[in-house]
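Numbering (our numbering), first residue to last: 3 to 302. All C-beta atoms in this analysis are idealised placements derived from N, C-alpha and C, irrespective of residue type, glycine included. Every value quoted in this text rests on a predicted model; they were computed, and no experiment measured them.
Written out as structure tokens, the structure reads:
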């Protein structure tokens with residue numbers, strides 16, 4: 003396995019929002035390389051407990067090594083959608099401290115050529131967060147109807163040339179399946195006009211396919227809805243998002259469950275506007291420029 007590199011975005015801000023203290027239960031819903039978990043685990047010693055979730059085998063291996071010195075951390079291989087069920091099985095009734103989310107793909111996933119997320123490295127079309135899952139990017143590219151491809155490219159990638167690209171994919175795969183990232187990237191380049199942009203022509207389509215493969219947006223909706231009932235009064239939800247569709251889901255969830263907007267609301271929104279990465283962080287980790295951090299507190 004290549005070295006697992008992942009930069010936890012706004013780690014200080016996202017974890018400080020949880021008001022970390024000993025004796026409480028916390029959840030890192032998106033473990034990744036263990037960046038957030040390492041900060042949380044250290045600050046909740048000696049009596050705090052942390053449950054960390056991920057579906058990526060590579061992430062779990064890397065994070066397990068990083069966190070091996072902490073006895074107060076339990077790593078669980080499963081989606082953050084199923085946090086509630088796992089806590090119930092372990093007899094944990096409430097998350098008394100809070101939960102932190104870092105939605106989207108990790109730097110490692112996006113840059114490891116073998117995982118098939120990147121148009122910059124030739125690999126089989128894959129893009130699965132969970133390597134044990136059956137459904138992959140290959141299935142989307144070679145199995146989806148043209149109108150469904152147009153929909154996901156438009157909705158998840160905000161791709162202006164969705165129809166052209168979808169049509170080209172369908173015409174190409176009639177002759178033979180599209181099997182690699184390079185094949186797909188070349189097809190996108192050849193089916194779209196040359197325009198001046200800092201963004202590679204395949205960026206938005208690859209993002210859209212990744213989101214579809216992993217059910218990312220639906221999972222965000224589901225995990226937020228499932229986690230709220232197991233959060234104790236005073237517990238915090240801290241969520242980092244990386245594009246407008248993710249941020250909109252978090253923003254709307256906070257609003258729809260806010261006491262400010264609804265008489266029976268259970269949340270107090272603590273971020274009127276989302277926090278963004280500092281100039282110092284942007285120099286170290288340029289992809290953090292698109293990140294937004296929102297947090298809210300359970301009040302009843």
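Candidates the options: which alpha carbon is nearest residue i's?
i	options	result
residue 57	44, 67 and 84	84
residue 240	39, 101 and 290	101
residue 298	227, 148 and 271	271
residue 15	154, 294 and 156	294
residue 274	281, 253, 118 and 147	253
residue 77	213, 138 and 52	52
residue 9	234, 92, 113 and 44	113
Taking residue i and residue j to be in contact with their CB atoms under 8 Å, please state how far apart those CB atoms are, rounded to whole angstroms.
i	j	result
residue 151	residue 174	Not a contact, Cβ separation roughly 12 Å.
residue 68	residue 36	4 Å
residue 46	residue 26	7 Å
residue 242	residue 103	7 Å
residue 211	residue 129	6 Å
residue 237	residue 17	Not confirmed; about 14 Å, so no contact.
residue 222	residue 248	6 Å
residue 142	residue 214	5 Å
residue 140	residue 181	7 Å
residue 54	residue 75	6 Å
residue 290	residue 94	About 32 Å; that fails the 8 Å criterion.
Name the two residues that bound the continuous alpha helix (DSSP H) containing residue i.
i	result
residue 241	Per DSSP, residue 241 belongs to no alpha helix (DSSP H); it is in the beta strand (DSSP E), 238 to 243.
residue 187	183 to 192
residue 110	109 to 113
residue 215	205 to 216
Provide the residue span of the beta strand (DSSP E) that contains residue i, from first to last.
i	result
residue 1	Since the first residue of the chain shown is 3 and the last is 302, residue 1 is not available in this structure.
residue 284	Run containing residue 284: none in the beta strand (DSSP E); it sits in the alpha helix (DSSP H), 281 to 286.
residue 134	Counting along the chain, residue 134 falls outside any beta strand (DSSP E), and DSSP gives it neither H nor E.
For residue i, which residues does DSSP report across the bridge?
i	result
residue 296	241
residue 127	None; residue 127 has no bridge partner.
residue 30	54 and 102
Margin query: Below 8 Å, how does it come out for the region 278 to 291 and the region 246 to 263: are there three or more Cβ pairs, yes or no?
Written below: These segments do not touch.
Check: Is the number of C-beta pairs between the region 243 to 251 and the region 194 to 204 that are closer than 8 Å three or more?
Finding: No, they do not touch.
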